[in-house]
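One structure is given below, encoded as structure tokens.
Numbering (our numbering), first residue to last: 150 to 358.
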């Protein structure tokens, strides 16, 4: 995925429009626009859609998705669906950790509004309480940390698992919690924390059924 700041500059160039002009048309403070162009902040959905409308591009493309910049217009009651391809990086365990294979030859097509970098196929039943079942496709936004209680793809040594993450810095403890009472939480403290790496946050899933 491209950076929002890169796409914003590209769209401005395509339209021979200055950032100041876009600010004037959308009521955006120039100080905010400067932060967008520098990559410090990413526009929220409402402003993203305003920019896209003024620049004649797709909001999803402007956000950085790997799709055509051309906007999609509805035709009297027909609503188009934007899609994109997400790399499928093997399987991830919903149960015991499994090897985190990376098969970048495979892709999953899903809605372009999913803000994810790649996806994984769930294996096992430890996350059924979160409606993630064996064989489901889980979409992951790549990031090195998540908020407590969020579901993340986590690497333990060279193995991967999908769990809710809870980190307690005062105890130097990380707890990976399943969504199935048949499984126990995985608890890591002290030097064992060095074994852990968060791949990213789970942001959506696609049922295999």
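Yeah, the Cβ is synthetic: ideal placement off N, Cα and C, and Gly gets one too.
What you are looking at is a predicted structure, and each value in this text was computed from that prediction instead of being measured.
Under the DSSP definition of a beta bridge, residue 326 partners with 313.
Counting only the Cα atoms, residue 320 lies some 25 Å from residue 308. When only Cα atoms are considered, residue 343 and residue 239 end up about 24 Å apart.
DSSP lists 237, 288 as the beta-bridge partner residues of residue 268.
When DSSP states are grouped into helix, strand and coil, residue 336 belongs to the strand group. Taking 8 Å as the upper bound for CB-CB distance, residue 259 and residue 328 are not in contact here, some 22 Å apart. Residue environment for residue 163: exposed (fewer than 16 other C-beta atoms within 10 angstroms of its C-beta).
Per DSSP, reduced to three states, the secondary structure at residue 194 is helical. Scanning its chain for C-beta atoms nearer than 8 Å, with the 5 sequence neighbours on each side dropped, one finds around residue 347 the residues 292, 293, 294, 295, 301, 302, 303, 304, 314, in chain order. By the C-beta density criterion, residue 176 is exposed, having fewer than 16 other C-beta atoms within 10 angstroms. In this structure, the alpha-carbon of residue 170 lies about 49 Å from that of residue 276.
Taking the Cβ atoms as the reference, residue 242 lies roughly 5 Å from residue 310, within the contact range of under 8 Å. A Cβ-Cβ distance of about 14 Å is found for the pair residue 265 and residue 281, leaving them out of contact under the 8 Å criterion.
Look at residue 350 here: in three-state DSSP terms it is strand. Annotation for residue 196: 175, 177 place their beta carbon closer than 8 Å to its own, counting only its chain and skipping 5 residues before and after. Judged by DSSP secondary structure, residue 258 falls within the beta strand (DSSP E) whose first and last residues are 256–260. Cβ contact annotation for residue 198 (same chain, cutoff 8 Å, sequence separation greater than five): 208, in chain order.
The C-beta distance from residue 351 to residue 289 rounds to 6 Å, short enough to fall under 8 Å.
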